[in-house]
Amino acid sequence: MTQFAVLDALLGGVYSAGIPVSAVSELGDTGVGCCEGLGGEVVVLDGTPFECTPDAPPRPMDPGELLPFVDVCAMGDTAETVVRDADFAALEEHVEARLASRNLFHAVRLDGVMARIRTRVTRRQEPPLRPLAEVAAEQIETVSSDCAGSLVGFWMPRIYQGITVAGLHLHFLADDRTVGGHVLDLRVREGGLRMTAYSRFVLRLPDDEQFLRTELTHDEDHRIVAVESRAPVPDDGES
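Residues 262 to 500 in this note's numbering are what the sequence shown spells out, letter by letter.
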C-alpha cells in the first residue's frame, strides 16, 4: 500500500501541497484521503476517487485535483465474511479477528446496509492553514438510517501512529451517492467484510516549501484521538 504525506503534517497545518488524483488512480483501486485544503473527505472505491464535501453530494474527482493526504492500495479478491448487527466496536472485533498480523497493514472494505451511520466532512481551508484539530472542531456531521453503501479504510499497526492513523480508520460512500465521509460511528445491519494484508508500506512525502521548512514532531496521541474520536449515534433524527 502507498501513502502520500503523514498525519502529523495535517495536525500541524502543513497541507498546502498534494498528489494528483491521476497519480492516485495508478497506485490502486481502494483507499481513503482528504480533499485539497481539507475541504472534504475522499473515498477511493473500485478505482474511482470520490469527493465528499459539505455543500454537494459525493462526486467522482477530476484527474488534476489534489489530495494532501491519501492511503491507497490494490485490494484484490479476498474471501468475504458476513457481519450482522455490529456497532463500531463489534466491527473492530471482526476486523481484528481477521488480521494476518498486528504488525502488518490491512485494507478493509464492507459492502452492505448501515442501520445507522454517522459521518463527517470538513470545510475547505484557505491560507493561513489551520491545524486539523481546529478544522475538525467545526466539522459537518450527518446521521443516515437504512443506508446501503461501502465502508472503505485501513487497519494500521500501532507503531505507525502519527505517520498514519493507528487502528481502524473508515470512510463511507452510499450506493446512491447521496452521502459520504469519515465514519464517526455506525451500526451495520448486514454486510460482507473483505480484508487484504500488506507487508510493504510505501511512504511518499510532499516536497513543497511549507513541508520542507516545517519540522514535524509526534508528541502525544491525544491530538489524533481527538480528531478521530467517535461518539454514540443518536437514536433519532438526522442532520
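From the three backbone atoms N, C-alpha and C, an ideal C-beta is built for every residue, glycine too.
Buried versus exposed, by CB contacts within 10 Å (16 or more), S411
buried
Can the beta-carbon of T380 be found closer than 8 angstroms to that of G300?
No.
Backbone CA spacing between L268 and M375 [nearest angstrom]
28 angstroms
Can you tell me the Cα-Cα spacing of S277 and R450, whole angstroms?
39 angstroms
Quick one: grab the DSSP three-state call for R320.
In the three-state scheme derived from DSSP, where H, G and I count as helix and E and B as strand, R320 is classed as strand.
If we call anything under 8 angstroms between Cβ atoms a contact, is S362 one with P324?
By the CB criterion at 8 angstroms, S362 and P324 fall outside the cutoff.
Y421 by DSSP, collapsed to three states: which one?
helix
Rounded C-beta distance between F472 and V275? I'm assuming under 8 angstroms.
6 angstroms
Buried or exposed for V396, going by 16 or more other Cβ atoms inside 10 Å?
buried
Can you round the beta-carbon distance between E287 and P329 to whole angstroms, since I take them to be within the 8 angstroms contact cut?
Not quite, the Cβ-Cβ distance comes to about 18 angstroms (not below 8 angstroms), so this is no contact.
Give me the Cα-Cα distance between T342 and L431, rounded to the nearest whole angstrom.
17 angstroms
Between P318 and T439, which are expected to be in contact by the criterion C-beta below 8 angstroms, what is the C-beta distance as a whole number of angstroms?
6 angstroms
Would you check if the distance between the CB atom of G337 and the CB atom of G453 is smaller than 8 angstroms?
no
What did DSSP end up calling R359 once you bin it into helix, strand or coil?
coil
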